[in-house]
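First the structure, in the form of structure tokens, and then the observations on it.
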Amino acid sequence: MLKTQLHRFWMTCVWSWAGWRAAWRTEASLRQWTVVCLISCITALWLDLSRGETALLLALSVLVVASELINTAIERTVDLVTREEHDLAREAKDTGSAFVALTALAGGVAWGVILLG
67 MLKTQLHRFW MTCVWSWAGW RAAWRTEASL RQWTVVCLIS CITALWLDLS RGETALLLAL
127 SVLVVASELI NTAIERTVDL VTREEHDLAR EAKDTGSAFV ALTALAGGVA WGVILLG
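Residue numbers for the sequence shown, in the working numbering: 67 to 183.
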């Protein structure tokens, strides 16, 4: 049973890495958000912040990148179903984009509150 669970965990890592690489190759926005995430994380670790503040900023930075991956998955799925102009396809893609924007806004709000007190 342990061997099966270890194999399952390993395969999850393999599939996750394959998904990351595919998105990295094709999505400029993922690369851009990753750079922003790295800058945010390095800055959060460099500043004299509480552990809670640092943890919040690190988590929100990673969440923005994760939301971009979800958005990429939504866009790819919609493109697989149809390449035609359709209101539902556009709404699905726009909603995924809004998710990224809101997570980025949450990170920005956290930075603002922490820096401005």
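Heads up, the beta-carbon is just placed ideally off N, CA and C, and yes, glycines get one too.
What distance in whole Å lies between the Cβ atoms of residue j and residue i, which are believed to be in contact at a cut-off of 8 Å?
i, j, result
"residue 134", "residue 96", "5 Å"
"residue 129", "residue 110", "So it is not a contact: roughly 13 Å between Cβ atoms."
"residue 104", "residue 180", "Not really, about 18 Å apart at Cβ, beyond 8 Å."
Evaluate residue i with the Cβ neighbour count: other Cβ atoms within 10 Å of its Cβ, from every protein chain shown; 16 or more gives buried, anything less gives exposed.
i, result
"residue 79", "exposed"
"residue 100", "buried"
"residue 169", "buried"
"residue 178", "exposed"
"residue 89", "buried"
"residue 183", "exposed"
"residue 118", "exposed"
"residue 173", "buried"
"residue 175", "exposed"
I want to see whether chain D comes within less than 7 Å of residue i, judged by CB atoms only; does it?
i, result
"residue 81", "Among the chains in the structure shown there is no chain D, since it carries only a single protein chain."
Heavy atom of the ligand SAH less than 6 Å from the Cβ of residue i, yes or no?
i, result
"residue 86", "With respect to the ligand SAH, the structure shown offers nothing to examine, as it has no ligands at all."
Please state whether the Cβ-Cβ distance between residue i and residue j is less than 7 Å.
i, j, result
"residue 82", "residue 107", "no"
"residue 159", "residue 144", "yes"
Quiz item: Counting pairs of beta carbons, one from the stretch 157-170 and one from the stretch 126-143, are three or more of them closer than 8 Å?
Solution: yes
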